[in-house]
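Residue numbers (the working numbering): 8 to 152.
Shown next, in the form of C-alpha coordinates:
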(Lines of atoms letter the chains of each structure in order from A and count residues from 1; the text may use other names and numbers.)
(Lines give C-alpha, C1' and ligand atoms only; values in the text may rest on other atoms or scores of the structure.)
Protein backbone atom coordinates (compact mmCIF):
# COMPACT_ATOMS: atom_id res chain seq x y z
CA UNK A 1 0.00 0.00 0.00
CA UNK A 2 1.43 3.36 -0.97
CA UNK A 3 0.24 6.63 0.52
CA UNK A 4 1.27 9.92 -1.00
CA UNK A 5 0.09 13.22 0.45
CA UNK A 6 1.21 16.64 -0.73
CA UNK A 7 0.01 19.80 0.96
CA UNK A 8 0.90 23.45 0.51
CA UNK A 9 0.46 25.73 3.50
CA UNK A 10 -0.14 29.45 2.97
CA UNK A 11 -0.24 31.86 5.89
CA UNK A 12 -2.67 34.79 5.86
CA UNK A 13 -1.18 38.31 5.56
CA UNK A 14 -2.55 39.25 8.98
CA UNK A 15 -0.94 36.23 10.61
CA UNK A 16 2.30 36.89 8.71
CA UNK A 17 2.53 40.49 9.81
CA UNK A 18 1.78 39.51 13.41
CA UNK A 19 4.41 36.79 13.34
CA UNK A 20 6.93 39.05 11.69
CA UNK A 21 6.38 41.62 14.39
CA UNK A 22 6.62 39.11 17.24
CA UNK A 23 9.32 36.75 15.95
CA UNK A 24 11.19 39.06 13.60
CA UNK A 25 10.65 36.98 10.44
CA UNK A 26 7.99 36.54 7.78
CA UNK A 27 6.80 32.97 7.08
CA UNK A 28 6.73 31.88 3.44
CA UNK A 29 4.46 29.31 1.81
CA UNK A 30 5.69 25.86 2.77
CA UNK A 31 5.41 22.69 0.73
CA UNK A 32 5.28 19.43 2.66
CA UNK A 33 5.18 15.91 1.31
CA UNK A 34 4.72 12.59 3.03
CA UNK A 35 5.36 9.27 1.35
CA UNK A 36 5.06 5.81 2.82
CA UNK A 37 5.05 2.44 1.10
CA UNK A 38 4.16 -0.95 2.43
CA UNK A 39 2.48 -4.05 1.06
CA UNK A 40 -0.09 -6.46 2.39
CA UNK A 41 0.75 -10.08 1.70
CA UNK A 42 -1.63 -11.53 -0.86
CA UNK A 43 -3.18 -8.23 -1.88
CA UNK A 44 -1.96 -5.95 -4.64
CA UNK A 45 -3.76 -2.94 -3.26
CA UNK A 46 -2.49 0.55 -3.82
CA UNK A 47 -4.13 3.65 -2.41
CA UNK A 48 -3.11 7.05 -3.67
CA UNK A 49 -4.33 10.31 -2.17
CA UNK A 50 -3.68 13.59 -3.91
CA UNK A 51 -4.83 16.82 -2.36
CA UNK A 52 -5.21 19.90 -4.52
CA UNK A 53 -6.94 22.89 -2.97
CA UNK A 54 -10.18 21.49 -1.50
CA UNK A 55 -10.37 18.43 -3.70
CA UNK A 56 -9.18 14.98 -2.66
CA UNK A 57 -9.04 11.82 -4.74
CA UNK A 58 -8.75 8.25 -3.52
CA UNK A 59 -8.11 5.36 -5.89
CA UNK A 60 -7.94 1.65 -5.06
CA UNK A 61 -6.40 -0.75 -7.54
CA UNK A 62 -6.37 -4.54 -7.82
CA UNK A 63 -9.46 -5.45 -5.80
CA UNK A 64 -9.80 -9.22 -5.70
CA UNK A 65 -13.15 -10.90 -6.28
CA UNK A 66 -13.48 -14.50 -5.13
CA UNK A 67 -16.20 -16.71 -6.60
CA UNK A 68 -16.96 -20.22 -5.45
CA UNK A 69 -19.27 -22.99 -6.52
CA UNK A 70 -21.33 -25.70 -4.87
CA UNK A 71 -21.43 -29.02 -6.72
CA UNK A 72 -22.88 -31.39 -4.12
CA UNK A 73 -25.52 -29.96 -1.83
CA UNK A 74 -27.31 -33.11 -0.68
CA UNK A 75 -27.61 -33.17 3.10
CA UNK A 76 -26.55 -29.55 3.51
CA UNK A 77 -28.81 -27.36 5.66
CA UNK A 78 -28.56 -23.61 6.00
CA UNK A 79 -29.95 -21.11 8.49
CA UNK A 80 -30.36 -17.41 7.79
CA UNK A 81 -30.67 -15.05 10.75
CA UNK A 82 -32.18 -11.74 9.61
CA UNK A 83 -32.69 -8.54 11.62
CA UNK A 84 -36.08 -6.83 11.33
CA UNK A 85 -34.53 -3.45 12.13
CA UNK A 86 -33.76 -1.62 8.84
CA UNK A 87 -35.98 -4.16 7.10
CA UNK A 88 -35.87 -2.18 3.85
CA UNK A 89 -32.20 -3.14 3.61
CA UNK A 90 -32.22 -6.58 5.23
CA UNK A 91 -35.18 -7.82 3.17
CA UNK A 92 -33.32 -7.08 -0.08
CA UNK A 93 -30.21 -8.80 1.28
CA UNK A 94 -32.31 -11.82 2.25
CA UNK A 95 -33.85 -11.98 -1.23
CA UNK A 96 -30.36 -11.89 -2.74
CA UNK A 97 -29.19 -14.69 -0.46
CA UNK A 98 -32.22 -16.84 -1.31
CA UNK A 99 -31.66 -16.23 -5.04
CA UNK A 100 -28.03 -17.32 -4.64
CA UNK A 101 -29.08 -20.52 -2.84
CA UNK A 102 -31.57 -21.18 -5.65
CA UNK A 103 -28.84 -20.53 -8.26
CA UNK A 104 -26.75 -23.27 -6.65
CA UNK A 105 -29.74 -25.67 -6.52
CA UNK A 106 -30.19 -25.64 -2.75
CA UNK A 107 -33.73 -26.82 -2.00
CA UNK A 108 -36.04 -24.46 -0.10
CA UNK A 109 -36.75 -27.11 2.53
CA UNK A 110 -33.03 -27.08 3.43
CA UNK A 111 -33.12 -23.37 4.31
CA UNK A 112 -34.53 -21.94 7.56
CA UNK A 113 -35.01 -18.18 7.93
CA UNK A 114 -35.05 -16.86 11.50
CA UNK A 115 -36.11 -13.24 12.10
CA UNK A 116 -34.75 -11.33 15.11
CA UNK A 117 -35.64 -7.81 16.33
CA UNK A 118 -32.28 -6.15 15.56
CA UNK A 119 -28.62 -6.67 14.75
CA UNK A 120 -27.73 -7.04 18.45
CA UNK A 121 -29.69 -10.30 18.68
CA UNK A 122 -28.17 -11.84 15.55
CA UNK A 123 -25.05 -13.18 17.29
CA UNK A 124 -26.92 -14.88 20.14
CA UNK A 125 -29.40 -16.61 17.85
CA UNK A 126 -26.70 -17.59 15.33
CA UNK A 127 -24.65 -19.13 18.14
CA UNK A 128 -27.64 -21.19 19.33
CA UNK A 129 -28.35 -22.38 15.78
CA UNK A 130 -24.69 -23.28 15.25
CA UNK A 131 -24.50 -25.24 18.50
CA UNK A 132 -27.66 -27.18 17.59
CA UNK A 133 -25.69 -29.13 14.98
CA UNK A 134 -28.61 -29.03 12.53
CA UNK A 135 -26.96 -26.63 10.07
CA UNK A 136 -23.96 -26.77 7.78
CA UNK A 137 -23.74 -22.97 7.81
CA UNK A 138 -25.47 -20.03 9.46
CA UNK A 139 -25.74 -16.83 7.42
CA UNK A 140 -26.32 -13.58 9.33
CA UNK A 141 -27.96 -10.52 7.77
CA UNK A 142 -28.26 -7.18 9.54
CA UNK A 143 -27.90 -3.49 8.74
CA UNK A 144 -26.63 -0.85 11.13
CA UNK A 145 -27.00 2.65 9.71
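Every residue, glycine too, gets a C-beta built ideally from N, C-alpha and C.
It is roughly 13 Å from the alpha-carbon of residue 148 to the alpha-carbon of residue 119. Linking residue 100 to residue 89 through their CA atoms gives a straight-line distance of about 9 Å. Fewer than three Cβ pairs drawn from the stretch 121–129 and the stretch 70–85 lie within less than 8 Å of each other, which leaves the two stretches out of contact. For residue 143, the CB contacts under 7 Å within the same chain, skipping 5 residues up- and downstream, are 83, 84 and 85 in chain order.
In the DSSP annotation of this structure, residue 92 is not part of any alpha helix (DSSP H), being labelled neither H nor E.
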